[in-house]
Amino acid sequence: MVGVASLVLAATKFVDFNRGAPANPVSAFLQNHINLVIFAQLPILAMFGKLLFREEKLNFAEHLALAAYASAFRSIFFTLVIIPAWLAFNWHYPTTVAVYLGLWVAYYGIASAQFHSGNRWWLWVKGALVPVFTQLLAFAIISGAIWVWFAFFKR
Numbered sequence: 132m133v134g135v136a137s138l139v140l141a142a143t144k145f146v147d148f149n150r151g152a153p154a155n156p157v158s159a160f161l162q163n164h165i166n167l168v169i170f171a172q173l174p175i176l177a178m179f180g181k182l183l184f185r186e187e188k189l190n191f192a193e194h195l196a197l198a199a200y201a202s203a204f205r206s207i208f209f210t211l212v213i214i215p216a217w218l219a220f221n222w223h224y225p226t227t228v229a230v231y232l233g234l235w236v237a238y239y240g241i242a243s244a245q246f247h248s249g250n251r252w253w254l255w256v257k258g259a260l261v262p263v264f265t266q267l268l269a270f271a272i273i274s275g276a277i278w279v280w281f282a283f284f285k286r
């Protein structure tokens, strides 16, 4: 499913890391291999899930199963709802991304509340934090890679 979502991303130019500027190797990699970035987020989601739900003593593979299931649903939702709505209604790009990420956070919270046992509201809050922390870490890694490129290799 990640492959289909990546194909739709590339075909519609929903994500354009170059934004008309000359490509650096980091943005070129992201543009051509966004599927690897999406796939790499699975173990990060599982890691944050394991950290936030450690009192349940589930193993990493169980958290990875939740992350894979939720990410597959995320890809399907993106491909069948977000991209068609963006194209049909000509939504403003930052608004579309904000709505998409907000729905992703809410959905992961719901999936976590169903997956784990305990107070549903508290489980939803902790579950919603998992993709937030994942996105922040992914953003930090990508920003760091771009900074390293411009600081040390672009002369």
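Count along the sequence shown from 1, add 131, and you get the number used in our numbering.
Just so you know, even glycine gets a beta-carbon here, dropped at the ideal spot from N, CA and C.
Rounded Cβ spacing between residue i and residue j (contact assumed at less than 8 Å)
| i | j | result |
| --- | --- | --- |
| A244 | G258 | 6 Å |
| L234 | Q266 | Actually they do not touch by this definition, with Cβ atoms about 13 Å apart. |
| K181 | F191 | 6 Å |
| L167 | S202 | At roughly 13 Å, the Cβ-Cβ gap does not stay under 8 Å, so L167 and S202 are not in contact. |
| P156 | W278 | No, P156 and W278 are not in contact; Cβ-Cβ is about 13 Å, not under 8 Å. |
| G240 | W255 | 4 Å |
Secondary structure of residue i, DSSP reduced to three states
| i | result |
| --- | --- |
| F184 | coil |
| L161 | helix |
| H194 | helix |
| W278 | helix |
| S248 | coil |
| W222 | coil |
| L189 | coil |
Between the CA atoms of residue j and residue i - distance to the nearest angstrom
| i | j | result |
| --- | --- | --- |
| A229 | V236 | 11 Å |
| L176 | P225 | 23 Å |
| E187 | L260 | 17 Å |
| P262 | F283 | 31 Å |
| L189 | H164 | 32 Å |
| H223 | R185 | 39 Å |
| L161 | H194 | 26 Å |
| R251 | Y238 | 13 Å |
| T227 | A242 | 22 Å |
Residue burial classification, residue i (beta-carbon count within 10 angstroms, cutoff 16)
| i | result |
| --- | --- |
| G249 | exposed |
| R205 | buried |
| I272 | exposed |
| F246 | buried |
| S158 | buried |
| L183 | buried |
| F179 | buried |
| F270 | exposed |
| F220 | exposed |
Check whether the segment 216-233 touches the segment 187-199, taking contact to mean three or more Cβ pairs, one atom from each stretch, closer than 8 Å.
no
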